[in-house]
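Residue numbers are given in full-length UniProt numbering: position 72 of the sequence shown equals residue 72, and the series is strictly consecutive. Shown next, in structure tokens, is the structure this report addresses.
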Amino acid sequence: MASPLVTTEWLQENLDNERLVLIDASMATVIGKEPIVYDQPVWIPGSYQIDLERTLCNTESSQLHAFPTEEQFTQEVRRLGITPESLVVLYDNQGIYSAPRAWWILRSMGLEQVFVLDGGLPQWLAEGRETVSAPVQGAASAGSMAGRLDRERVRDSAFVLQHLDDEQVAVIDARSRARFLAQAPEPRPGVRGGHIPNSLNLPFTEVLDGYRFRPASELEAMFKQLAPNLQPGNGQQLVFSCGSGITACIILLAAELAGYDQLSLYDGSWADWGSDESLPVA
Numbered sequence: 001m002a003s004p005l006v007t008t009e010w011l012q013e014n015l016d017n018e019r020l021v022l023i024d025a026s027m028a029t030v031i032g033k034e035p036i037v038y039d040q041p042v043w044i045p046g047s048y049q050i051d052l053e054r055t056l057c058n059t060e061s062s063q064l065h066a067f068p069t070e071e072q073f074t075q076e077v078r079r080l081g082i083t084p085e086s087l088v089v090l091y092d093n094q095g096i097y098s099a100p101r102a103w104w105i106l107r108s109m110g111l112e113q114v115f116v117l118d119g120g121l122p123q124w125l126a127e128g129r130e131t132v133s134a135p136v137q138g139a140a141s142a143g144s145m146a147g148r149l150d151r152e153r154v155r156d157s158a159f160v161l162q163h164l165d166d167e168q169v170a171v172i173d174a175r176s177r178a179r180f181l182a183q184a185p186e187p188r189p190g191v192r193g194g195h196i197p198n199s200l201n202l203p204f205t206e207v208l209d210g211y212r213f214r215p216a217s218e219l220e221a222m223f224k225q226l227a228p229n230l231q232p233g234n235g236q237q238l239v240f241s242c243g244s245g246i247t248a249c250i251i252l253l254a255a256e257l258a259g260y261d262q263l264s265l266y267d268g269s270w271a272d273w274g275s276d277e278s279l280p281v282a
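Structure, rendered in structure tokens:
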């Protein structure tokens with residue numbers, strides 16, 4: 001499969017695939033959109049569940065949501081029975097929100113066959129498909145996947161600062177325009193308003209159409225309008241940022257759908273940059 005997305009139809013047809021590992025990557029906290037609230041939690045049949053705020057997060061880091069260590073990652077994916085040959089599909093209960101974050105973690109740690117369910121649980125429910133009342137607790141046998149972080153996929157403030165004036169590196173911010181322009185307060189205490197100098201703004205809600213991503217052709221046009229000098233395949237690097245590294249992955253995935261391939265995540269994002277008084281703010 002060439003696309004990083006799978007459809008609900010594809011998933012329905014492959015629920016019995018022995019290679020499939022289906023994972024709910026929903027988060028309890030939703031920022032930047034009106035959250036979908038459920039009377040009772042439900043899951044797609046056969047789903048495991050991961051915790052992006054504790055288990056797949058380095059809680060010893062000063063960052064709010066930090067990439068897990070290789071050891072943390074390895075322990076969790078082996079619990080889920082994941083091997084290098086697994087076909088991993090991720091979804092969340094907001095449609096498209098936190099699943100892209102889990103997708104980028106797995107991709108950056110070396111797993112190749114990992115995908116996001118376009119539309120997630122809301123799309124699955126809207127189509128009247130079957131659900132269950134509890135996730136699967138653990139795999140019957142341990143997996144063999146071992147995480148090896150590709151550090152060119154995950155950037156820090158030092159890298160961003162070094163490349164502020166580099167025309168070959170573009171920082172794209174997924175926060176709302178009001179937050180980007182310091183016209184709305186930051187949701188986290190001690191974080192300044194504004195944005196990284198020379199960064200571009202593409203609110204994550206704009207790459208979505210309802211629960212799903214916009215078509216690739218629309219995303220291509222959106223990125224070309226955002227930065228006409230950035231062209232897929234020309235070697236320029238796109239670094240994605242947001243509030244704390246979650247919704248940045250939505251527009252990162254959108255960029256891949258639009259044909260870009262030199263992609264990385266500023267993991268600390270604005271929570272890191274905006275709280276460091278030594279870093280410049282626009």
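Even for Gly, the Cβ is constructed at its ideal location relative to N, Cα and C. Source: prediction; values computed, not measured.
Original post:
Who are ALA170's beta bridge partners in DSSP?
Top reply: LEU238
Subject >> Other residues of its chain near VAL30: CB distance less than 7 Å, five sequence neighbours each side excluded >> reply: GLN94 and TYR97
Subject >> Per-residue burial, SER264 [other beta carbons within 10 Å of its own, 16 or more giving buried] >> reply: buried
**OP:** Give a yes or no on contact between the region 164 to 181 and the region 141 to 151, applying the rule of three or more CB pairs nearer than 8 Å.
**Re:** Contact between the region 164 to 181 and the region 141 to 151 is absent, because fewer than three Cβ pairs lie under 8 Å.
**OP:** Please check the pair TYR48 and PRO135, which I expect to be a contact at CB under 8 Å, by giving their CB distance rounded to whole angstroms.
**Re:** Cβ-Cβ separation between TYR48 and PRO135: approximately 6 Å, consistent with a contact (criterion under 8 Å).
**OP:** Leaving aside the five residues before and after PHE204 along the sequence, list all residues of the same chain whose C-beta is less than 6 Å from its C-beta, in chain order.
**Re:** ALA174, THR247, ILE250 and ILE251
Subject >> Assigned secondary structure, SER62 (DSSP; H/G/I helix, E/B strand, else coil) >> reply: It is coil, neither helix nor strand.
Original post:
Would GLN225 be called buried (16 or more neighbouring beta carbons within 10 Å of its own) or exposed?
Top reply: exposed
Original post:
Exposed or buried, what is ARG155 when buried is set at 16 or more other beta-carbons lying within 10 Å of its beta-carbon?
Top reply: buried
Original post:
Between the region 108 to 117 and the region 5 to 17, do three or more beta carbon pairs fall short of 8 Å?
Top reply: Contact between the region 108 to 117 and the region 5 to 17 is established, with three or more Cβ pairs separated by less than 8 Å.
Subject >> Neighbour-count burial assignment, VAL37, 16 or more Cβ in a 10 Å radius >> reply: exposed
Original post:
If you run the structure through DSSP and keep just helix, strand and coil, what is residue 287?
Top reply: Residue 287 lies beyond the range of the chain shown here (1 to 282); nothing can be said about it.
Original post:
Is the beta carbon of LEU56 sitting closer than 8 Å to the one on MET27?
Top reply: no
Subject >> ASP24 (DSSP reduced to helix, strand or coil) >> reply: strand
Original post:
Excluding the five sequence neighbours on either side, which residues of its own chain have a C-beta within less than 6 Å of the C-beta of LEU87, listed in chain order?
Top reply: ARG19, LEU20 and GLN113
Subject >> Complete runs of the alpha helix (DSSP H) confined to the UniProt domain "Rhodanese" (165 to 282) [at least 4 residues] >> reply: 177 to 180, 216 to 226, 248 to 257 and 269 to 273
Original post:
Using the beta-carbon count (16 or more within 10 Å), is GLN63 buried or exposed?
Top reply: buried
Original post:
Among residues of its own chain, excluding the 5 on either side of LEU82, which ones have a beta-carbon nearer than 6 Å to its beta-carbon?
Top reply: First, the residue type needs correcting, since residue 82 is Ile and not Leu in the sequence shown. Once the five neighbours on either side are set aside, the close Cβ partners of ILE82 are VAL21, GLY143 and MET145.
Subject >> Inter-stretch contact at 8 Å, needing at least 3 Cβ pairs: the region 211 to 223 / the region 254 to 263 >> reply: yes
Original post:
Expressed to the nearest angstrom, what Euclidean distance is found between the alpha-carbon atoms of VAL191 and GLU277?
Top reply: 9 Å
Original post:
When you compare each of GLY243, GLU60, THR69 and ASN234 to ALA182 by their alpha carbons, which one comes out closest?
Top reply: Of the candidates GLY243, GLU60, THR69 and ASN234, the one whose C-alpha sits nearest the C-alpha of ALA182 is GLY243.
Original post:
With which residues is SER47 paired in a DSSP beta bridge?
Top reply: LEU22
**OP:** May I have the straight-line CA-CA distance separating ILE44 from ALA99, to the nearest angstrom?
**Re:** A straight-line Cα-Cα distance of about 14 Å links ILE44 and ALA99.
Original post:
Hey, out of ALA2, MET109 and LEU279, whose CA is closest to GLN75's CA?
Top reply: MET109
Original post:
Helix or strand or just coil, what does DSSP make of PHE115?
Top reply: Of the three classes helix, strand and coil, the one that applies to PHE115 here is strand, per DSSP.
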